[in-house]
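Peer 1: Handing you this structure, nothing more for now.
Residue numbers (the numbering used here): 260 to 512.
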């Protein structure tokens with residue numbers, strides 16, 4: 260282990276920077292502190308030649324339930340310098356390959372962050388949900404741009420406008436994840452992928468990643484900003500504030 264903040268464990272092994280969401284008692288709900296810690300680690304990874312790949316994964320039975328509601332309402336995003344935007348900018352601009360390993364539920368930004376990863380692997384019992392519209396909010400994380408490119412427009416519209424949960428099998432068929440394994444197989448299979456990836460010439464891997472983003476990188480950055488602008492406006496409406504307040508009240512003991 261090389262670092263830890265509340266809810267994030269960071270370690271490094273054989274050229275892989277491993278970032279683990281570690282709030283299983285809170286379903287790995289994300290706080291501003293966690294976003295800033297991850298942003299810092301991703302920025303450092305870009306600057307260190309010994310880091311060849313980044314792994315995002317979680318502790319417990321849930322990948323992440325999305326934003327920690329109390330933290331989110333106490334410190335709502337307010338623009339490009341907000342904690343969540345710093346994380347999304349760092350992730351979307353990372354020059355090294357990013358692998359995500361998903362088991363259990365991935366909700367909200369737990370799904371949109373996957374769209375910025377290069378390889379995504381899930382367990383058979385993984386479920387995904389983009390509930391923004393249900394909350395009186397809008398797509399975020401550049402999902403309005405990236406998701407249609409993966410799934411096609413009508414499938415993306417179904418996932419974003421209806422906001423219903425969907426299975427790992429659906430995520431695979433829609434092109435959101437690369438492969439699906441049983442929970443018992445997932446870790447070993449992802450480790451094998453990481454071993455293969457870091458054994459390849461880094462300039463070739465990083466250069467190919469850059470080529471894959473050619474023509475879309477500026478659009479992704481623009482989408483991140485435009486979505487956040489609308490997200491902030493919607494968050495200030497009575498409808499969204501009431502929905503989120505009700506959710507928080509139901510979640511608290």
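Cβ coordinates follow ideal geometry from the N, Cα and C atoms, glycine included.
In this structure, how does DSSP classify residue 260 when only helix, strand and coil are distinguished?
Peer 2: In this prediction, residue 260 scores a pLDDT of 45, lower than 50, which makes its location untrustworthy; the coordinate-derived value is nonetheless stated afterwards. Looking at residue 260 - three-state DSSP - the assignment turns out to be coil, as it is neither helix nor strand.
Peer 1: According to DSSP, simplified to helix, strand and coil, what is residue 436?
Peer 2: coil
Peer 1: If you count every other CB in all the chains shown that lies within 10 Å of the CB of residue 467, and 16 or more means buried, which is it?
Peer 2: In the assembly as shown, residue 467 is an exposed residue. Its beta-carbon has fewer than 16 other beta-carbons within 10 Å.
Peer 1: If you scan the segment 325-406 from start to end, which runs of the alpha helix (DSSP H) of 4 or more residues do you find wholly inside it?
Peer 2: 328-333, 342-351 and 368-371
Peer 1: I need the DSSP call for residue 495, collapsed to helix, strand or coil.
Peer 2: coil
Peer 1: For residue 350 and residue 505, what's the separation of their Cα atoms in angstroms?
Peer 2: 31 Å
Peer 1: So, residue 291 versus residue 330, is the Cβ gap smaller than 8 Å?
Peer 2: yes
Peer 1: Could you compute how far the alpha carbon of residue 361 sits from the alpha carbon of residue 496?
Peer 2: 33 Å
Peer 1: Within the same chain, show all residues whose beta-carbon is closer than 6 Å to that of residue 316, passing over the 5 residues directly before and after it, in chain order.
Peer 2: Apart from sequence neighbours up to five positions away, the residues of its chain that approach residue 316 with a beta-carbon distance below 6 Å are 279 and 360, ordered along the chain.
Peer 1: Taking DSSP as the reference, what is the three-state secondary structure of residue 322?
Peer 2: coil
Peer 1: Taking only the alpha-carbon atoms, compute the straight-line gap between residue 464 and residue 471 and give it to the nearest angstrom.
Peer 2: 11 Å
Peer 1: Quick one: is residue 311 buried, meaning 16 or more other Cβ sit within 10 Å of its Cβ, or exposed?
Peer 2: buried
Peer 1: Quick check on the DSSP output: the beta strand (DSSP E) that includes residue 284 runs from which residue to which?
Peer 2: No beta strand (DSSP E) contains residue 284, which DSSP labels as neither H nor E.
Peer 1: Determine the direct distance from the alpha carbon of residue 307 to that of residue 368, and round the result to whole angstroms.
Peer 2: 27 Å
Peer 1: Within the same chain, show all residues whose beta-carbon is closer than 7 Å to that of residue 397, passing over the 5 residues directly before and after it, in chain order.
Peer 2: The residues are 391, 486, 489, 490 and 493.
Peer 1: Would you list the residues sitting across from residue 425 in a DSSP beta bridge?
Peer 2: 387
Peer 1: Helix, strand or coil: which one does DSSP assign to residue 278?
Peer 2: strand
Peer 1: Run through DSSP, which three-state label would residue 299 get?
Peer 2: Residue 299 falls in the helix class under three-state DSSP.
Peer 1: So, for residue 382: in the same chain, excluding its five sequence neighbours on each side, which residues have a beta-carbon less than 8 Å away from its beta-carbon?
Peer 2: 361, 362, 363, 427, 439, 440, 441, 442 and 445
Peer 1: Alpha carbon to alpha carbon, how far is residue 475 from residue 411?
Peer 2: 16 Å
Peer 1: If you run the structure through DSSP and keep just helix, strand and coil, what is residue 317?
Peer 2: strand
Peer 1: Tell me whether residue 267 sits in a helix, a strand or coil according to DSSP, three-state version.
Peer 2: strand
Peer 1: Grab the span of the alpha helix (DSSP H) containing residue 417 for me, first residue to last.
Peer 2: In the DSSP annotation of this structure, residue 417 is not part of any alpha helix (DSSP H), being labelled neither H nor E.
Peer 1: Starting from residue 312, follow its DSSP beta bridges and name the residues at the other end.
Peer 2: 275
Peer 1: Grab the span of the alpha helix (DSSP H) containing residue 462 for me, first residue to last.
Peer 2: 461-471
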